[in-house]
Ligand SMILES: NC(=O)c1ccc[n+]([C@@H]2O[C@H](COP(=O)([O-])OP(=O)(O)OC[C@H]3O[C@@H](n4cnc5c(N)ncnc54)[C@H](O)[C@@H]3O)[C@@H](O)[C@H]2O)c1
Ligand SMILES: O=C(O)CCC(=O)CC(=O)O
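Put into structure tokens, the structure is as follows:
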């Protein structure tokens, strides 16, 4: 089968203690005035990074928020201009890295991303932004970070609950890459390897969060899964999560974790080859069941109702998610999507994957 593979141009430094390379990496980009980005919760970590940068550090903006609200980006842009910053250094999860991307889109600044979760945004040319209660995403190489520093040590303190859900958020990228319309064998290799690395490490981390081998495996898996998301298209699962996050303000990683087994069950009959790759990587006999069991094993929430979705929201969520759907291997049918959301809202095991659909 002929295929097209697009390699993504980024420099990756991976290991333990790699944060010590930051100043050299900023210099390597030809930059002298870095603005450090963080969330309010990671402001202290952001200040430490600013201190570590010494004369290369221009200032700190610690107001990053989930789903990249445009009003926060506008505030950050005013600070970028006031400081005369010539690059961004984002330390944190997908929210902080998203802010770096949004700044880069507007000001064309090079980015260093230092991920502390498994969300994978650092490896993608994708930016999602929220305005007036609606989340829209775009793909452009202009937002891909030039340099990514993966320092396993920074993930040792990622709380166990978030480690599990963030890791399953990463797995979701690889899952959808395996049945993407533009899938290819190179990305599929990374997808299966990424899922396997996370599936073996996340249950270990749930009981032993400072296990350095498991943390290294999980970050490596997250990197691969991020490349998958950045390289090929997303489908139903990501559309549902963007709808639930952007329009109902549900937390990102938890939403991914709850929806994924149901989206996979919905697509199972239409993507049998992908399902066997996913099941094999999970060491399970069924992909959707295996993902549900992994969520149970890491102690993740299982019901959208427990993270803020009301039953009364399901009709509107169905309308938004089906109005402008992403390509998906199975046709998007409003009744099926509503049932999927009802099951996910209630925290039921995913429906049987043996249906035969288009
Ligand atoms: N564009 C992309 O390719 C892409 C990919 C994945 C996610 N995202 C976006 O990223 C956002 C979600 O990212 P996320 O799930 O990483 O969550 P997040 O970045 O919002 O982080 C959640 C919370 O955990 C804190 N945190 C992060 N790392 C920590 C650590 N090691 N120790 C303690 N606390 C830590 C953060 O400061 C924050 O308060 C969403 O807006 C999502 O849409 C984008
Ligand atoms: O919010 C974004 O920047 C897009 C998020 C995305 O595409 C991956 C995800 O939903 O985890």
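In the working numbering, the protein residues as written are 3 to 360.
Glycine included, every Cβ here is placed at the ideal spot set by N, Cα and C.
Does the beta-carbon distance from residue i to residue j come in below 9 Å?
i, j, result
"residue 218", "residue 319", "no"
"residue 228", "residue 124", "yes"
"residue 84", "residue 39", "no"
"residue 199", "residue 302", "no"
"residue 70", "residue 159", "no"
"residue 115", "residue 128", "no"
"residue 94", "residue 41", "yes"
"residue 344", "residue 309", "no"
"residue 347", "residue 290", "no"
"residue 260", "residue 196", "no"
"residue 238", "residue 316", "no"
"residue 300", "residue 174", "no"
"residue 283", "residue 193", "yes"
"residue 80", "residue 74", "no"
"residue 126", "residue 232", "yes"
Are there any heavy atoms of ligand 2 lying less than 8 Å away from the beta-carbon of residue i, as far as the coordinates show?
i, result
"residue 277", "no"
"residue 129", "yes"
"residue 249", "no"
"residue 106", "no"
"residue 139", "yes"
"residue 87", "no"
Quick one: does the C-beta of residue i sit closer than 8 Å to a heavy atom of ligand 1?
i, result
"residue 41", "yes"
"residue 231", "yes"
"residue 69", "yes"
"residue 103", "yes"
"residue 164", "yes"
"residue 349", "no"
"residue 171", "yes"
"residue 161", "yes"
Return the Cβ separation of residue i and residue j in integer angstroms, given the expectation that the two are a contact with Cβ distance under 8 Å.
i, j, result
"residue 96", "residue 121", "3 Å"
"residue 25", "residue 56", "7 Å"
"residue 224", "residue 242", "In fact, because the Cβ distance is near 21 Å, the residues do not count as touching under 8 Å."
"residue 105", "residue 72", "So it is not a contact: roughly 12 Å between Cβ atoms."
"residue 143", "residue 246", "No, residue 143 and residue 246 are not in contact; Cβ-Cβ is about 28 Å, not under 8 Å."
"residue 28", "residue 89", "6 Å"
"residue 118", "residue 157", "6 Å"
Exercise. Determine contact between the region 163–182 and the region 32–49, defined as no fewer than three beta-carbon pairs at a distance below 8 Å.
Key: The region 163–182 vs the region 32–49: no contact.
Exercise. Determine contact between the region 145–157 and the region 6–26, defined as no fewer than three beta-carbon pairs at a distance below 8 Å.
Key: yes
Quiz item: Is there contact between the region 263–271 and the region 328–340, where contact requires at least three CB pairs shorter than 8 Å?
Solution: By the criterion of at least three beta-carbon pairs nearer than 8 Å, the region 263–271 is in contact with the region 328–340.
Quiz item: Between the region 271–287 and the region 206–217, are three or more C-beta pairs nearer than 8 Å?
Solution: no
Self-check item: Those runs of the alpha helix (DSSP H) which lie wholly inside the region 220–303 and span at least 4 residues
Solution: 238–250, 254–269, 274–284 and 289–299
Quiz item: Is there contact here, the region 98–109 with the region 168–177, by at least three beta-carbon pairs under 8 Å?
Solution: no
Practice problem: With a floor of 3 residues, list each beta strand (DSSP E) that falls wholly inside the region 148–201, ordered by position along the chain. | Solution: 149–153
Practice problem: Kindly provide the ranges of any alpha helix (DSSP H) runs that are 4 or more residues long and lie completely inside the region 18–82, ordered along the chain. | Solution: 24–30 and 45–55
Practice problem: Enumerate, from N- to C-terminal direction, the unbroken alpha helix (DSSP H) stretches of 4 or more residues contained entirely within the region 86–142. | Solution: 96–109
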